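Protein sequences appear in the order of chains A and B.
Per the numbering used here, residue -3 is the first one in the first sequence, and the count goes up by one each step.
Per the numbering used here, residue 2 is the first one in the second sequence, and the count goes up by one each step.
Ideal Cβ positions, reconstructed from N, Cα and C, are used throughout, including at glycine.
Predicted model only: the values in this text are computed from it and were never measured.
Remarks on the structure that follows.
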Amino acid sequence: MRPEPRLIEVRRNVLKQNDAVARSLRGRFRAAGVFVVSLVSSPGSGKTAFLEKTLTLLRPNYRVAALVGDLATENDALRLARSQAPVKQITTGTLCHLEAAMVQSALEGWDLNQLDFLFIENVGNLVCPSSYDLGEDLRLVLISVPEGEDKPLKYPTIFNSADVAVVTKVDLAVAVEFSWETAYNNIQAVRPGMPVLKLSAKTGEGIEEYLRFLAARLIELRQAAAV
Amino acid sequence: MHELSMAMSIVELAEEEAERRGVQIDAVHLKLGALSGVVKDALLSCYEMACENTRLQGSRLVIEEVPVVIVCPSCRAQHALRSVQLFCCPECGTPCSEIVQGKELEVVALEIRECAPNPV
């Protein structure tokens, strides 16, 4: 006779392994005093142009570097290298998102003490990256103007995993009849209180405000560490 | 599509438990939050795949879906959200950003059988 089944309680987080690596990364980032920003968005929203601009403009005053996730090509890393900042590609193969362990191995050989800002560009995807903590201090979710105003309503989970929303390609707003108000309201509907920046990497509109925001966060981080 | 790697993690941790306790697992019970970023149906079909050729083969994945629960800053009460498209208190309409439930991705229980001793 087969023994009767019985129910036993276990409580185990499925993402425990990733969370543990992310925690250890966060500890290393903290110890080195580097502020880590990750970028998530759909493919084609302008992450790479935005990041290239960020690296180029920050580099005169800060020590910056970037990790960039891509399924197959190294095109993004080559584009970002034009900023002269250290850039490393993480080729994920068929994997649709970055995991903390990939960030960990990509950082091998890098001295984090030599950095002020580290940027991590996730794979273009508004679904899968939301589940994975990468140890970052700040997660930016980008939506570009041509994608339309309803992206937040379609992908509320990623907006809830991010800290700040960045509306990109605002130079195209008139051409695509983008309603800033609708987009802003949609972001606030899925994530009340979320700060929203709007900018264009092409024209430079809004970039100053964003760079000031980053600089302030770095100061906050270092002041908190000094206490 | 990250459900397959999630399913593989679930199988891996259930196998660990089975081995440690010396039991056979009939079913894995999982809590899945509406904000976990994981799609229930995709996870269910990936689970079957992930179980193949493991000691979990033939087991079931029982998913309990967990709604998003927020704390309303005005009425201070906890409420389940009616929709993840609108983070507002369903009673008073105040925008709510404090999430107390809904991000779960957690194995909470196992249906097990003690492994029958080999007949001599």
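Taking 8 Å as the upper bound for CB-CB distance, B/ALA19 and B/ILE11 are not in contact here, some 12 Å apart. The Cβ-Cβ distance between A/THR50 and A/LEU214 does not fall below 9 Å.
Residue range 24 to 34 is occupied by the beta strand (DSSP E) that includes B/ASP27.
The Cβ atoms of A/VAL172 and A/SER196 do not sit closer than 9 Å to each other. With contact defined as three or more Cβ pairs closer than 8 Å, the stretch 111 to 129 of chain A and the stretch 85 to 103 of chain A are in contact.
In this structure A/ALA81 is in contact with A/ALA62, their Cβ atoms being roughly 6 Å apart against a cut-off of 8 Å. For B/LEU111, the nearest CB of chain A lies under 9 Å from its own CB, placing it at the interface with that chain. The bridge partners DSSP lists for A/THR164 are A/SER140. Nearest CB-CB separation between B/GLY59 and chain A: not below the 9 Å threshold. Comparing C-alpha distances from A/ALA45 to each of A/ALA68, A/VAL60, A/ALA28 and A/ALA77 shows the shortest one belongs to A/ALA77. If the five residues before and after A/GLN110 are omitted, its C-beta is found closer than 8 Å to the C-beta atoms of ARG59, all from its own chain and listed in chain order. A straight line joining the alpha-carbon of B/SER6 with that of B/PRO74 spans about 37 Å. Counting only the Cα atoms, B/SER98 lies some 7 Å from A/GLY189. Chain-order list of chain A residues neighbouring B/CYS97: PRO188, by C-beta distance under 7 Å.
Cβ contact annotation for A/VAL30 (same chain, cutoff 6 Å, sequence separation greater than five): LEU108, LEU111 and LEU114, in chain order.
Taking 9 Å as the cut-off, the beta carbon of A/ARG135 is found closer than this to the beta carbon of A/VAL160. For A/THR90, no beta strand (DSSP E) segment is defined, and its DSSP state is neither H nor E.
Each residue's CA atom was taken as its position, placing B/ARG77 and B/GLY94 some 13 Å apart. Excluding its 5 nearest sequence neighbours in each direction, B/VAL70 has C-beta neighbours in its own chain below 8 Å: GLN79, HIS80, ALA81, LEU82, ILE100, VAL101, GLN102 and GLY103, listed in chain order. With respect to chain A, the C-beta atom of B/GLY94 has no partner C-beta closer than 9 Å. Think of a sphere of 7 Å around the beta carbon of A/SER126: the chain B residues whose beta carbon falls inside it are GLY38, in chain order. The distance from the Cβ of A/LEU3 to that of B/GLU112 is about 6 Å, consistent with a contact at the 8 Å cut-off.
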